[in-house]
Every structure is written in structure tokens, then in C-alpha cells.
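K.L.:
Sharing a structure, written as C-alpha cells. Questions coming.
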Amino acid sequence: DPHIWVSPHTALIIANKIFMGLAEADPSNEDYYRGNWESFEDILSSLDEEYSSTLSSTTRRKFFVTHSAYGYVAEDYWLEQHGIIGLSADQQPSTSKISEIVEEMTEEETYVIYIDPVYKDAYARTLKDELESRTGETVKILNLYLMVGPVDDMDYVEQLESNLENLAEGLTE
Numbered sequence: 720d721p722h723i724w725v726s727p728h729t730a731l732i733i734a735n736k737i738f739m740g741l742a743e744a745d746p747s748n749e750d751y752y753r754g755n756w757e758s759f760e761d762i763l764s765s766l767d768e769e770y771s772s773t774l775s776s777t778t779r780r781k782f783f784v785t786h787s788a789y790g791y792v793a794e795d796y797w798l799e800q801h802g803i804i805g806l807s808a809d810q811q812p813s814t815s816k817i818s819e820i821v822e823e824m825t826e827e828e829t830y831v832i833y834i835d836p837v838y839k840d841a842y843a844r845t846l847k848d849e850l851e852s853r854t855g856e857t858v859k860i861l862n863l864y865l866m867v868g869p870v871d872d873m874d875y876v877e878q879l880e881s882n883l884e885n886l887a888e889g890l891t892e
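When the letters of the sequence shown are read in order and numbered with the working numbering, they come out as residues 720 to 892.
Shown next as C-alpha cells:
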């Protein structure tokens, strides 16, 4: 899973390695790199603690996504990710996969689907319609950002914050 940056915990580790590499490669600017690192470390550490605290108190542990890009979030915060498609966002889900996810969501009584707003949501809508038809429940579609650049006028940190809010909402439903 290449999506290491979607979890504040893992991003913290990677950002530290980047800082150390820059400081080693360019020791004359180490103080500059250190200042940036320390500021970013504070932000990511705070988010990591907030993710841990918030997600450990949710009533559900499983979440359903259109794109299985949140494995590090699941692993770092004791959750279980279930994806309609795998790691490649270019895949298209089969009818049997959608049916399988509908069955699983019905059994779990989970009525929240997460999508990355950068990608088309056609199969999320299909899944939503099928789940609503079978259960009579209202199904929410919530965003989980992949932080691949500014989206919805949000930067990386704002997208991480939004992801936490949406995960907490969906895992408490």
C-alpha cells in the first residue's frame, strides 16, 4: 500500500525521515529544516493523538471505502477497512464485488460509504442505491481525502482533519 501519507501516525515517521535526509544532505541549512520539521511534527503529533483518542471511542471498527487506500489509517488506529476496489483507483468493481459489499454492510448494519472526491463516485452511488433498496435505510456517502494536493479548498492538514471528522461520524452511526 503506497498511501503512507493518509495516516498522521505514518506521515509523522516519513516526515521525520525526510527531515533527517535533508539535514544530512545539506547540513548548512539544518536549522531551517529543523524549524520546519518541529512545526510540522507538532501538527502531526497532535493529529495522531486526536485520531487515536477519537477513533478509539467510536462504536464501530469497520469502514467501507470505494478505494482501499486507507490501510495505514486502519492499522494505526485499530480499524478494519473494506474496499470496493483495491489499491489502484483505476479499477472497476465487479457486480459480484458490489453485491458482496452490500451483503457485508447489511450484516454489519453499516450505512456509510466513504469516497475520495477526486474520483468518480458512480459505483458508490450504485452501492448506495442497492443497500437502500435492500434495507430501507438511508445510506450516507462521506468524503475521505487522499491528500494528493489541494482539494475542496483544503490543504493537507485540513484534509486530515476532515477525514477524522468523517470517520468519527460514520463509525458512530
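Ideal Cβ placement from N, Cα and C applies to all residues, glycine included.
For the beta strand (DSSP E) that residue 728 lies in, which residues bound it at each end?
P.N.:
Per DSSP, residue 728 belongs to no beta strand (DSSP E); it is in the alpha helix (DSSP H), 727-744.
K.L.:
Mind checking who residue 839 pairs with in its DSSP beta bridge?
P.N.:
The partner list for residue 839 (beta bridge, DSSP) is empty, contrary to what the question assumes.
K.L.:
Between residue 859 and the ligand NAP, is the CB less than 7 angstroms from at least one heavy atom?
P.N.:
This structure lacks the ligand NAP; in fact it carries no ligand of any kind.
K.L.:
Using DSSP with H/G/I as helix, E/B as strand and the rest coil, what is residue 709?
P.N.:
Residue 709 is absent from the model: the chain starts at 720 and stops at 892.
K.L.:
Quick check on DSSP: helix, strand or coil for residue 868?
P.N.:
Note: residue 868 maps to coil in three-state DSSP.
K.L.:
So which of 732, 852 and 728 has the shortest CA-CA distance to residue 770?
P.N.:
The residue with the shortest Cα to Cα distance from residue 770 is 728.
K.L.:
Pull up the distance between the alpha-carbon of residue 736 and that of residue 823, whole angstroms please.
P.N.:
Their Cα atoms are separated by approximately 39 angstroms.
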